[in-house]
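*Asks:*
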């Protein structure tokens with residue numbers, strides 16, 4: 003990969019800094035996709051001791067690249083994203099990844115395939131963290147920024163993706179406690 007190719011990848015990825023997500027920060031500012039990906043990566047990095055048999059570096063790598071498709075489509079909240087939206091994002095992402103320099107293209111493609119298959123411990127950890135980060139961010143954001151459906155969704159979402167891990171199930175339960183406390187506290 004030459005310097006120009008390297009810079010071009012970074013210029014595309016920079017779009018995630020300006021791609022808004024559905025969530026807001028604790029101060030009520032709309033967060034970017036890049037901020038979400040950064041925190042999922044941080045969450046993964048901190049789990050090295052909880053999952054000693056997993057390749058946490060791979061989980062971090064998955065976390066860093068997982069939303070690059072949103073450079074091309076923007077963020078569409080999970081509860082309104084259609085199969086057509088997913089196909090479009092996947093197609094645009096695959097086109098771009100296929101155009102990347104040798105080595106990077108293969109590495110990214112392999113990571114995306116592993117994330118999609120959801121067969122490895124690393125892909126399962128990644129998927130759980132991706133979903134949990136969104137719930138944690140909602141709990142940190144002002145309640146008046148929540149969509150009506152999120153009051154129930156924050157209570158039920160992502161229990162299925164953490165069920166493979168006792169530790170992540172406990173984390174999901176702690177997030178649920180925070181959700182219930184937030185809803186209860188701000189409604190009083």
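Residue numbers (our numbering): 3 to 190.
All C-beta atoms, glycine included, are put in the ideal place defined by N, C-alpha and C.
From a predicted model like this one, the values you see are computed outputs, not experimental measurements.
(1) In the structure shown, what three-state DSSP assignment does residue 2 receive?
(2) In whole angstroms, what is the alpha-carbon distance linking residue 78 and residue 49?
(3) Taking the beta strand (DSSP E) that residue 26 falls in, what are its first and last residues?
(4) Which residues mark the beginning and the end of the alpha helix (DSSP H) in which residue 100 is found?
(5) In or out: residue 62 buried (at least 16 other Cβ within 10 Å) or exposed?
(6) If I measure Cβ to Cβ from residue 132 and keep anything under 6 Å in the same chain, skipping five residues before and after, which residues do I get?
(7) DSSP three-state call for residue 39: helix, strand or coil?
(8) Taking three-plus beta-carbon pairs below 8 Å as touching, is the region 125-139 in contact with the region 85-101?
(9) Is the region 110-119 close to the region 91-99, with three or more CB pairs under 8 Å?
(10) Scan the region 45-86 and note each continuous alpha helix (DSSP H) run of 4 residues or more that stays entirely inside, going in chain order.
(11) Shortest alpha-carbon distance to residue 135 belongs to which of 170, 116, 149 and 93?
*Replies:* So, from the data block:
(1) The question about residue 2 has no answer here: the residues shown for the chain are numbered 3 through 190.
(2) 28 Å
(3) 22-26
(4) 85-101
(5) So residue 62 ends up on the buried side.
(6) Apart from the 5 residues on each side of it in sequence, residue 132 sits with its Cβ closer than 6 Å to the Cβ of 42 in its chain, given in chain order.
(7) helix
(8) no
(9) yes
(10) Given a length threshold of 4 residues, each whole run of the alpha helix (DSSP H) inside the region 45-86 is given here in chain order: 58-67 and 72-75.
(11) The candidate whose alpha carbon is nearest that of residue 135 is 170.
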